[in-house]
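A short worksheet on the structure shown next.
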Amino acid sequence: MGFQDILPLYDLDGEVIQCSRYGSGHINETYLVVTNRPHLYILQKVNSHVFPNPRILMENIIMVTAHIRAKERDPRRVLRLVPAKSGEQYILRDGNEAWRLYEFITGSICLDRVESLRDFEQSGIAFGTFQNQLEDFPAEELKEVIPGFHDTPKRYQALHRAISENRAGRAKLAQREMDFYLQREDSAGMLMELLQNKELPLRVTHNDTKLNNVMLDAETRTPLCVIDLDTVMPGLAASDFGDSIRFGASTAAEDEKDLEKVHFSLELYRAFAGGFLSVCGNKLTKLEKETLPDGARLMTLECGVRFLMDYLDGDQYFHTDYPEHNLIRARTQMALVGEMEACHSQMLQIIHAFC
Ligand code: ADP
Ligand code: GN1
Ligand code: MG
Numbered sequence: 054m055g056f057q058d059i060l061p062l063y064d065l066d067g068e069v070i071q072c073s074r075y076g077s078g079h080i081n082e083t084y085l086v087v088t089n090r091p092h093l094y095i096l097q098k099v100n101s102h103v104f105p106n107p108r109i110l111m112e113n114i115i116m117v118t119a120h121i122r123a124k125e126r127d128p129r130r131v132l133r134l135v136p137a138k139s140g141e142q143y144i145l146r147d148g149n150e151a152w153r154l155y156e157f158i159t160g161s162i163c164l165d166r167v168e169s170l171r172d173f174e175q176s177g178i179a180f181g182t183f184q185n186q187l188e189d190f191p192a193e194e195l196k197e198v199i200p201g202f203h204d205t206p207k208r209y210q211a212l213h214r215a216i217s218e219n220r221a222g223r224a225k226l227a228q229r230e231m232d233f234y235l236q237r238e239d240s241a242g243m244l245m246e247l248l249q250n251k252e253l254p255l256r257v258t259h260n261d262t263k264l265n266n267v268m269l270d271a272e273t274r275t276p277l278c279v280i281d282l283d284t285v286m287p288g289l290a291a292s293d294f295g296d297s298i299r300f301g302a303s304t305a306a307e308d309e310k311d312l313e314k315v316h317f318s319l320e321l322y323r324a325f326a327g328g329f330l331s332v333c334g335n336k337l338t339k340l341e342k343e344t345l346p347d348g349a350r351l352m353t354l355e356c357g358v359r360f361l362m363d364y365l366d367g368d369q370y371f372h373t374d375y376p377e378h379n380l381i382r383a384r385t386q387m388a389l390v391g392e393m394e395a396c397h398s399q400m401l402q403i404i405h406a407f408c
């Protein structure tokens with residue numbers, strides 16, 4: 054099924070004059086729909102390989118957006134699903150192929166790279182606010198869309214599986230990367246252990262807190278809302294903080310080939326931490342705050358493990374543009390992990406300075 058089959062199922066405001074691929078997400082198929090009114094929409098085909106049960110994912114999104122909408126008057130401050138003519142909030146075809154239509158968040162920008170310290174501070178405010186908005190959401194109502202999504206030791210088990218299967222015959226091309234990640238396996242379970250021992254609380258978290266999952270107002274460059282709610286599930290505050298740092302506190306793109314350009318920026322880290330803690334710092338426990346730097350290191354390590362695993366599996370999961378794309382991504386994460394390891398105490402001091 055293509056977007057041509059799906060658009061007629063909606064009662065759109067105006068005639069469609071354009072529908073084209075949009076954005077730089079790694080998972081879903083996203084289209085910008087333009088009508089002659091003009092009225093913009095975002096149409097998405099949910100990735101059925103990554104999300105084999107889109108029904109529970111959509112139920113989560115419907116509940117979470119309703120919860121936030123009850124607290125926010127401005128429609129631009131929460132994702133809004135457009136119902137189909139049938140009244141359904143999403144369309145299911147061929148078993149597990151799900152399509153959904155969102156109102157386009159007008160007058161907004163979405164950044165793939167940080168353009169200023171302030172932009173990143175604002176992104177911290179956006180994710181801190183999201184955490185607060187869902188603070189009173191009944192976590193038990195949320196389904197675990199991808200079980201163990203940020204269970205780093207479980208990600209390592211999957212890497213071991215990928216190495217031994219060597220499905221794409223690429224293992225010989227990734228020896229240095231496999232060595233790097235495997236050397237760090239012992240440290241991968243730290244946050245999961247604290248969670249299992251009930252030393253860290255389980256919260257409702259976003260779990261995919263990339264910079265390009267935040268919409269800022271185009272004029273004021275202050276947060277409008279957080280998007281890409283597919284992975285909202287019970288999780289750790291340190292994972293949300295950490296994944297933002299992984300992506301946004303790098304001096305280069307996630308797929309930069311020239312590793313000399315890839316550095317972890319403490320300045321960017323400080324900007325995000327300041328924004329994030331200014332809005333939700335008083336809600337986090339002492340240990341949660343102490344483990345935020347570990348969240349950054351572990352999310353970067355984990356994402357690198359996932360890129361490497363996908364490279365070995367033959368690019369089954371993340372969108373790729375060329376055969377080494379996932380290996381290149383695994384390498385940038387290695388550069389960042391190395392620098393984060395070297396400045397852990399400074400990262401912690403920065404957190405203390407905001408508490
Ligand atoms: P993926 O899971 O593939 O990352 P996203 O839901 O993040 O998919 O969407 C991909 C991109 O589409 C976003 O980074 C953003 O640029 C754009 N986008 C998604 N939803 C909206 C929206 N409601 N309004 C404006 N832009 C959007
Ligand atoms: C994916 O969907 P997107 O592009 O925002 C992935 C994240 C990774 C990220 C790496 C559901 O995020 O977990 O951290 O790529 N999302 C899913 O860039 O796996
Ligand atoms: Mg996204």
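Counting from 1, position 20 in the sequence shown corresponds to residue 73 in this note's numbering; the numbering is continuous, with no gaps. The beta-carbon is built from N, C-alpha and C at its ideal position, and this holds for glycine as well. None of these values were measured; they are calculated from a predicted model.
Suppose you measure from the CA of Glu-141 to the CA of Pro-61; what does that come to, to the nearest Å? 14 Å
Return yes when the C-beta of Gly-78 is under 7 Å from any heavy atom of ligand 1, and no when it is not. yes
8 Å Cβ cutoff met for Ser-303 and Leu-389: yes
Could you please give the first and the last residue of the uninterrupted alpha helix (DSSP H) stretch that includes Gln-249? 243–249
For Cys-408, count neighbouring C-beta atoms within 10 Å of its own C-beta (all shown protein chains included) and say buried if the count is 16 or more, exposed if not. exposed
Taking all protein chains shown into account, decide if Pro-276 is buried (16 or more other Cβ within 10 angstroms of its Cβ) or exposed. buried
Have a look at Ala-324 and Phe-233 and give me their C-alpha separation to the nearest angstrom. 29 Å
Excluding sequence positions up to five away, which residues of its chain have a Cβ less than 8 Å from the Cβ of Lys-138? Leu-62, Tyr-63 and Asp-64
Should Lys-251 go down as buried or exposed, given a rule of 16 or more other Cβ atoms within 10 Å for buried? exposed
Ligand 2 heavy atoms versus the CB of Val-103: any closer than 7 Å? yes
Gln-249 versus Ser-292: straight-line alpha-carbon distance, rounded: 15 Å
Return the CA-CA distance between Asp-311 and Ile-381, expressed in angstroms with no decimal places. 9 Å
Tell me whether Asp-270 counts as near ligand 1, meaning its Cβ is closer than 7 Å to at least one heavy atom of that ligand. no
Minimum C-alpha distance to Leu-110 - residue among Asn-265, Gln-236 and Ile-199: Ile-199
Should Leu-96 and Phe-157 be called a contact, given that it needs their Cβ atoms to be closer than 8 Å? no
Please identify the residue among Ala-406, Thr-344, Ser-176 and Tyr-322 whose C-alpha is closest to the C-alpha of Glu-392. Tyr-322
Paired residues, beta bridge with Gly-288 - DSSP: Arg-256
In terms of alpha-carbon separation, which member of Gly-222, His-405 and Glu-309 lies closest to Asn-335? His-405
Could you tell me if Pro-136 is buried or exposed, where buried requires 16 or more neighbouring beta carbons within 10 angstroms of its beta carbon? exposed
Asn-265 beta carbon near ligand 1 (any heavy atom closer than 7 Å): yes
Between which two residues does the beta strand (DSSP E) harbouring Pro-276 extend? 276–279
Which of helix, strand or coil DSSP assigns to Val-358: helix
Quick one: residues in its chain with C-beta nearer than 8 Å to the C-beta of Glu-112, no 5 flanking neighbours on either side, listed in chain order? Lys-196
Return yes when the C-beta of Asp-281 is under 7 Å from any heavy atom of ligand 5, and no when it is not. Judged by which ligands are present, ligand 5 is missing from the structure shown, whose ligands are ligand 1, ligand 2 and ligand 3.
Starting from Glu-156 and walking both ways along the beta strand (DSSP E), at which residues does that stretch end? 150–156
Measuring alpha carbon to alpha carbon, tell me which of Gly-367, Ser-398, Ala-383 and Arg-359 ends up nearest Arg-208. Arg-359
What are the partner residues of Lys-98, as DSSP defines its beta bridges? Glu-82 and Trp-152
Under a three-way DSSP split, which group does Thr-205 fall into? helix
Complete runs of the beta strand (DSSP E) confined to the segment 156–202 [at least 3 residues]: none
Contact belief for Leu-340 with His-203 at Cβ below 8 Å, rounded distance in angstroms: About 17 Å separates the two Cβ atoms, so there is no contact after all.
Taking three-plus beta-carbon pairs below 8 Å as touching, is the segment 261–278 in contact with the segment 221–241? no
Pro-91 classed as buried or exposed, judged by whether at least 16 other C-beta atoms fall within 10 angstroms: exposed
Could you tell me whether any non-hydrogen atom of ligand 1 is closer than 7 Å to the CB of Ser-297? no
Considering only C-alpha positions, which residue in the set Leu-132, Asp-127, Asp-66 and Gly-55 is nearest to Lys-98? Gly-55
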